[in-house]
Every structure is written in C-alpha cells, then in structure tokens.
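Under the working numbering, think of the first position of the sequence shown as 84, with each following residue one higher.
Where a beta carbon is used, it is the ideal one built from N, C-alpha and C, also for glycine.
Here is the structure we will look at, set down as structure tokens.
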Amino acid sequence: MNALLNSLTENELSLVRETERARLAELDEDGLVELHTRVRRARDKYVKLYRRRAAARIEEVGGRGRAYPKNTRNRTKAEVFEDALARVSARLAAAARASARALRAERLAEARNARNTAPPAAPAAERTDGRVAQRLDRRPDHLGLPKRHASTRAVGARRQARHDSR
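Written out as structure tokens, the structure is:
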C-alpha cells in the first residue's frame with residue numbers, strides 16, 4: 084500500500100489522507116458530501132485515463148492481455164481512489180441515516196405536541212328510521228363481470244405485445 088501511496092502527488096496524497104477514519108469522524112454531513120465529490124472526481128479521472136491509454140495501447144501491442152502490464156500507474160491510482168471513495172461513501176451513508184433518524188424523531192415529537200388532546204367525539208349513530216340512502220349501488224349483481232374484465236385486459240395486453248414486437 085505504501086508503494087501505491089508513494090506514486091501519488093502531494094495533493095492526491097492529502098486527499099487520500101482526508102479519508103482516514105479519524106478525519107472522517109470530524110466531518111459533518113455537508114463536509115462528507117463535499118469530500119465524496121472530490122474523491123469521486125479523482126477516481127473518475129484516473130479510471131478514464133487508464134481506459135483511454137489501455138484502449139490506445141491495444142492496437143500497438145496486439146491485444147488486451149499484452150496491454151495489461153503497461154499503464155499500471157493509472158490503474159493503481161484508480162484503485163487507491165476507489166478504496167478512498169468506498170470509505171467516504173460508507174461514512175456518508177451512516178451520517179445520512181443518523182440525520183434522517185434525528186429528523187424523524189423531531190417530526191414525531193412535533194406531531195405529538197401538536198395533536199388534538201380533546202376527548203374523541205362520539206361515533207355517528209346508524210340510521211334506524213328505515214330510510215334508504217339516496218345513492219344507489221350501481222354495481223351489477225351478476226357473476227360474469229370478473230371474467231369479462233379479465234378478457235378485456237387480456238385483449239389489451241395482446242394488442243400491446245403485438246405493438247411492442249414491431
């Protein structure tokens with residue numbers, strides 16, 4: 084690992100050092116998001132460089148297998164930043180969960196304090212005077228309705244399948 088870290092520039096090394104566990108514990112969620120962005124950019128840079136140079140070298144040496152031993156510096160830098168990104172992502176996820184729990188607890192406490200403390204109203208009494216509701220139940224009583232609905236849905240599904248297969 085030290086050999087990998089020795090290949091980094093001073094700025095890159097300081098960025099990797101910021102992802103150590105002790106330093107991550109000092110950061111709040113916004114700081115973690117900013118660090119995550121910086122580390123992701125560095126990782127993306129070296130992954131992109133590695134892929135471009137490896138693709139260009141394939142034609143020179145005649146295959147991916149023979150091109151692999153070359154371009155190791157960009158590959159190892161990408162791996163270093165990938166590990167750093169994983170550490171920051173895990174810490175950021177933990178911080179996000181903690182802040183979500185805190186916000187949820189705060190919201191529930193506010194709702195508890197704001198709720199109505201009056202005694203519940205008595206339930207409405209059912210009608211017993213023999214009157215009938217004004218709205219009629221318009222649902223048909225026959226049993227063939229579910230089959231008809233299923234048939235209609237199947238026709239629509241077949242039509243859609245024909246359309247999608249074009």
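- With contacts defined by Cβ atoms closer than 8 Å, L118 and E101 form a contacting pair.
- Nearest C-alpha to L110 among S172, A125, P203 and A161: S172.
- Between A125 and E93, the gap from beta carbon to beta carbon reaches 8 Å or more.
- Considering only S97, K153 and D166, the residue with the shortest C-alpha distance to R135 is K153.
- Nearest in C-alpha terms to L175, of all of P203, N157 and V116, is V116.
- Nearest Cα to V130 within the set A169, R170 and V163: V163.
- If the five residues before and after L132 are omitted, its C-beta is found closer than 6 Å to the C-beta atoms of N157, all from its own chain and listed in chain order.
- The C-beta of L226 has fewer than 16 other C-beta atoms within 10 Å across all chains shown, which makes the residue exposed.
- Exposure of L186 is indicated by the presence of fewer than 16 other C-beta atoms within 10 angstroms of its C-beta.
- Residue nearest to L168 within the set R184, R231 and V99 is V99 (criterion: CA-CA distance).
- As the crow flies, the alpha-carbon of R214 is around 21 Å from that of R222.
- For E112, the CB contacts under 8 Å within the same chain, skipping 5 residues up- and downstream, are L175, A178, A179 and S182 in chain order.
- Residue environment analysis places K160 among the buried positions, since at least 16 neighbouring C-beta atoms fall within 10 angstroms of its C-beta.
- Runs of the alpha helix (DSSP H) lying entirely within the stretch 124-210, each at least 4 residues long, are 147-150 and 155-197 in chain order.
- With contacts defined as CB atoms closer than 8 Å, L91 and R170 fail to qualify as a contacting pair.
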